[in-house]
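**Q** Handing you this structure, nothing more for now.
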Amino acid sequence: METRRVMRDPREESGLRLAYMGDAVFEIHIRRWLMEQSLLPVGALHKASIDFVKASAQASFYHLIEDRLTEAEAAVMRRGRNAKSGMVPRKADINDYRKATGLEALMGFLYLKGEEKRIEEVMGWIFESTQIGSEEETQS
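Using the working numbering, the letters of the sequence shown correspond one by one to residues 176 to 315.
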């Protein structure tokens, strides 16, 4: 019988490890939301998802949600933002890249804690700020 390793307490994970997980969590929520919102073909879905997951967009989402977080969540987001990855972003401003890492760290933290409802709430704030629905209606 295969034994499954137990994850460490998310509070003990580095900001970068949390961001590693959070990158996937954020992207899957974006992709699901885009599919729920429209019948765009795959190529357009891909382009739309890139517009959400690029560092500049995530940095704007960082600012959008930072005042709505609990003290603990804000601390995790700051820890991710301040983490030193040793990598230089190729297509992003370093400040945007760090804020994007902070947002991803928060998503990873919430996911590893099993707080799917809270992830949905935070993502809801992000989705409320978008214009995809109104843009598609004007193109019809």
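Every residue, glycine too, gets a C-beta built ideally from N, C-alpha and C.
Keep in mind that this is a model prediction, so the values were computed, not measured.
Note the first and the last residue of the continuous alpha helix (DSSP H) segment covering S231.
**A** First-last of the alpha helix (DSSP H) with S231: A230 to I240.
**Q** Helix, strand or coil for G190? Go by DSSP, reduced to three states.
**A** Helix at G190.
**Q** So, is K274 buried or exposed, given that buried needs 16 or more other C-beta atoms within 10 angstroms?
**A** Its Cβ being crowded by 16 or more others within 10 Å, K274 is buried.
**Q** Leaving aside the five residues before and after Q314 along the sequence, list all residues of the same chain whose C-beta is less than 8 angstroms from its C-beta, in chain order.
**A** Any reading at Q314 is ruled out, since the residue's pLDDT is 42, under 50, leaving its predicted position unreliable.
**Q** DSSP state of T245, grouped into three classes?
**A** T245 falls in the coil class under three-state DSSP.
**Q** Buried or exposed: where does G261 fall if 16 or more other Cβ atoms within 10 Å of its Cβ makes it buried?
**A** Burial call: exposed.
**Q** Quick one: Cα of A247 to Cα of E202, how far?
**A** Rounded to the nearest angstrom, the two C-alpha atoms are 23 angstroms apart.
**Q** Are the region 205-221 and the region 280-295 touching, with three or more C-beta to C-beta distances below 8 angstroms?
**A** Flag = no, the region 205-221 and the region 280-295 do not touch.
**Q** Hey, how far is the Cα of G308 from the Cα of V228?
**A** With a pLDDT of 47 at G308, under the threshold of 50, the modelled position of that residue is not reliable, and the figure given next carries that caveat. When rounded, the distance between both Cα atoms is 18 angstroms.
**Q** Take the Cβ of I205 as the centre, count every other Cβ of all protein chains shown within 10 Å, and call the residue buried at 16 or more, exposed below.
**A** The residue in question, I205, is buried, as its Cβ has 16 or more Cβ neighbours within 10 Å.
**Q** By the 10 Å Cβ neighbour count, where 16 or more other Cβ atoms means buried, how is I301 classified, buried or exposed?
**A** Answer is buried; the Cβ neighbour count reaches 16.
**Q** Under three-state DSSP, which class holds T305?
**A** Reduced to three states, the DSSP call for T305 is coil.
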